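Colleague:
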Amino acid sequence: MLRFGSDEFVVLLPDLAHEKDAVQVVERVLQRLSPPYWYRGSGLRITASIGIASNDGSMKDPQQLIQQADLAMYKAKRRGRNTYHWYTEDLNRKVSERVNLRSALQQAIEQHQFELHYQPQIHAPSGRVVGVEALIRWEHPERGNIPPSNFISLAEDTGQIIPISDWVLATACQDARQLNAMGIGPITMAVNISPMQFQRPGFVASIEEVLSDSGLAPALLEFEITEGVLMDSAEQAIQALQDLRGLGVHIALDDFGTGFSSLSYLKRLPINKIKIDRSFVRDVITDHHDAAIIDGVVAMAGKMGLEVLIEGIETSEQFAYLKQRHCDYFQGYYFARPMPLDALCAFLASPRCLLLADRRLWYTFRHDSIVLSAGYTFDEPSYESVLGRSL
């Protein structure tokens, strides 16, 4: 066994008869590391991500074997840590693709290939659009649209998430200023904050600078954070959140219910809002466990003085059920898909984006069609004829 880097170690297991023997060693290591280590009265938990590579005797270069194990180790990290992964040739191909994507990502940063789309957030009692969430889009000149799920984790691993996040925040604040100048009522801009961006020294000061440059009122900016911002230094993170709240910025806890520490940290976090993850919405009609979780979170948040936004609403059935749960805000494809700024401005300015209170019918307008909560879609002949037909 030798130390290979600051937090990396190499273990050589010679003369193994079967692969399962290596697995037994790995599992013993993970088991030995699982109990907390106590230091000055505090329990510290250590996890290990382990990559395994084997040599059948044909490989002559030990460095190649170490590189293969290293690739497998990073795969284990991406799977959630505290686990292990075997090296495969397919993994090597994926690493090659990842290297190419990293180069393309750097080019995208330098050539401004990103744009923001905005998904409306609906105030449940009134049916008004009161906020939007900024979502990044990458339109590659040759590969076309590259989903965020394909490049955000890479950007976080390489540190490229910092310039990307800086651009997202500055652009979103400028666009929010434009939206609120339309005179249609206050529109809050929700921006996702990555753990790396949040933990950067001077983060709060940089937010003050962005707000000053854009002219956006702090109360119209909302940061969506996940439990990831608390992983390395919870106390430091909580202090930063308190400083942001001191500026007047709102804080929402995103993906609530998908992590392990939500409840333990919830009472200490200086947040305004909880976003219930879409995974609980997908089967809420048929899965009584999902329904019970949503009911419990809504009740708990109400007693704690926190607002609740449910995301991922895609069907009229989901909406019909959830609007009875006394939530504060809704978001999802059922109301509107993410759209670029010009389309959003047209969407917000149109009288066709409204709630008919007497029949509780929701109308959303997507390009050339009208979608009713009853599930009917009409080609758009005229606003008046559609109203007459629906009433």
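For what it's worth, the UniProt record's numbering labels the leading residue of the sequence shown as 1, then goes sequentially. Every residue, glycine too, gets a C-beta built ideally from N, C-alpha and C. Given the structure is predicted, the values throughout are model-derived calculations rather than measurements.
(1) Return yes when the Cβ of residue 69 is within less than 8 Å of the Cβ of residue 84, no when it is not.
(2) Do you know whose CA, among 132, 53, 235, lies nearest residue 119's CA?
(3) Using the three-state DSSP reduction, which class does residue 203 fall into: helix, strand or coil?
(4) Please classify residue 183 as buried or exposed, where buried requires at least 16 other C-beta atoms within 10 Å of its C-beta.
(5) Determine the burial state of residue 21: buried for a count of at least 16 other Cβ atoms within 10 Å of its Cβ, exposed for fewer.
(6) Which residue wins for smallest C-alpha separation from residue 233, given the options 195, 2, 185?
(7) Who pairs with residue 188 in a beta bridge, going by DSSP?
(8) Can you tell me where the alpha helix (DSSP H) with residue 75 in it begins and where it stops?
(9) With H, G and I counted as helix, E and B as strand and the rest as coil, what does DSSP make of residue 304?
(10) Quick check on residue 255: does DSSP put it in helix, strand or coil?
(11) Going along the chain, which residues of its own chain have a beta-carbon closer than 7 Å to the beta-carbon of residue 323, five neighbours each way excluded?
(12) Closest to residue 284 by C-alpha separation, out of 66, 313, 306, 215, would be which residue?
(13) Are the beta-carbon atoms of residue 273 and residue 221 separated by less than 8 Å?
(14) Once the 5 residues before and after residue 177 are set aside, which same chain residues still bring their CB inside 6 Å of it?
(15) Please say whether residue 116 and residue 136 have beta carbons closer to each other than 8 Å?
(16) Say whether the region 86 to 106 touches the region 48 to 62, bearing in mind that this needs 3 or more beta-carbon pairs closer than 8 Å, one atom from each stretch.
(17) Quick one: what's residue 118 bridged to in DSSP?
(18) Relative to the C-alpha of residue 25, which candidate in 1, 298, 7, 77 has its C-alpha closest?
(19) If we ignore side chains and look at the alpha-carbon of each, how far apart do residue 81 and residue 7 end up?
(20) Do the region 155 to 174 and the region 185 to 200 make contact, defined as three or more Cβ pairs closer than 8 Å?
(21) Could you name the residues of the same chain whose beta carbon sits closer than 6 Å to that of residue 228, not counting the 5 residues immediately before and after it, in chain order?
(22) Which first and last residues belong to the alpha helix (DSSP H) in which residue 315 is found?
(23) Could you work out which residue in 219, 281, 330, 128 is closest to residue 245 when comparing CA atoms only?
(24) In angstroms with no decimal places, state the Cα-to-Cα distance between residue 296 and residue 251.
(25) For residue 188, which residues from the same chain have a beta carbon less than 6 Å from its beta carbon, with the 5 sequence-adjacent residues on both sides left out?
(26) Do residue 269 and residue 241 have their beta-carbon atoms positioned less than 8 Å apart in this structure?
(27) What are the boundary residues of the beta strand (DSSP E) that includes residue 51?
(28) Ordered along the chain, which non-local residues of its own chain (more than five positions away) have a Cβ less than 6 Å from that of residue 160?
(29) With DSSP collapsed to three states, give me the class of residue 250.
(30) Considering only their Cβ atoms, is the gap separating residue 46 from residue 10 smaller than 8 Å?
(31) Can you say whether residue 38 is buried or exposed, counting buried as having 16 or more other CB atoms within 10 angstroms of its CB?
(32) When the distance is taken between beta carbons, is residue 35 closer than 8 Å to residue 44?
(33) Which first and last residues belong to the beta strand (DSSP E) in which residue 226 is found?
(34) I'd like the list of long-range same chain contacts for residue 344, defined as Cβ closer than 6 Å, with 5 residues on each side in sequence excluded.
(35) Beta carbon of residue 238, beta carbon of residue 256: below 8 Å?
(36) Nearer than 7 Å: is that true of the beta carbon of residue 284 relative to any heavy atom of the ligand GTP?
Modeller: Let's see:
(1) no
(2) 132
(3) helix
(4) exposed
(5) exposed
(6) 195
(7) The partner list for residue 188 (beta bridge, DSSP) reads 131.
(8) 62 to 78
(9) Residue 304: helix per DSSP, three-state reduction.
(10) Of the three classes helix, strand and coil, the one that applies to residue 255 here is strand, per DSSP.
(11) 124
(12) Ranking 66, 313, 306, 215 by Cα distance to residue 284 puts 313 first.
(13) no
(14) 214, 215, 216
(15) yes
(16) Contact between the region 86 to 106 and the region 48 to 62 is present: 3 or more CB-CB pairs across the two stretches fall below 8 Å.
(17) 134, 339
(18) 1
(19) 14 Å
(20) Because the criterion of three Cβ pairs below 8 Å is met, the region 155 to 174 and the region 185 to 200 touch.
(21) 195, listed in sequence order.
(22) That residue, residue 315, is in no alpha helix (DSSP H); it is neither H nor E in DSSP.
(23) 219
(24) 21 Å
(25) 131, 220, 222
(26) yes
(27) Note, residue 51: beta strand (DSSP E), 49 to 52.
(28) Taking residue 160 as the centre and dropping the five residues before and after it, the same chain places the C-beta of 105 closer than 6 Å to its C-beta, in chain order.
(29) strand
(30) no
(31) exposed
(32) In this structure, residue 44 sits away from residue 35, with a CB-CB distance that is not shorter than 8 Å.
(33) Premise fails: residue 226 is in no beta strand (DSSP E) and is neither H nor E.
(34) 118
(35) no
(36) The ligand GTP is not part of this structure, which contains no ligands at all.
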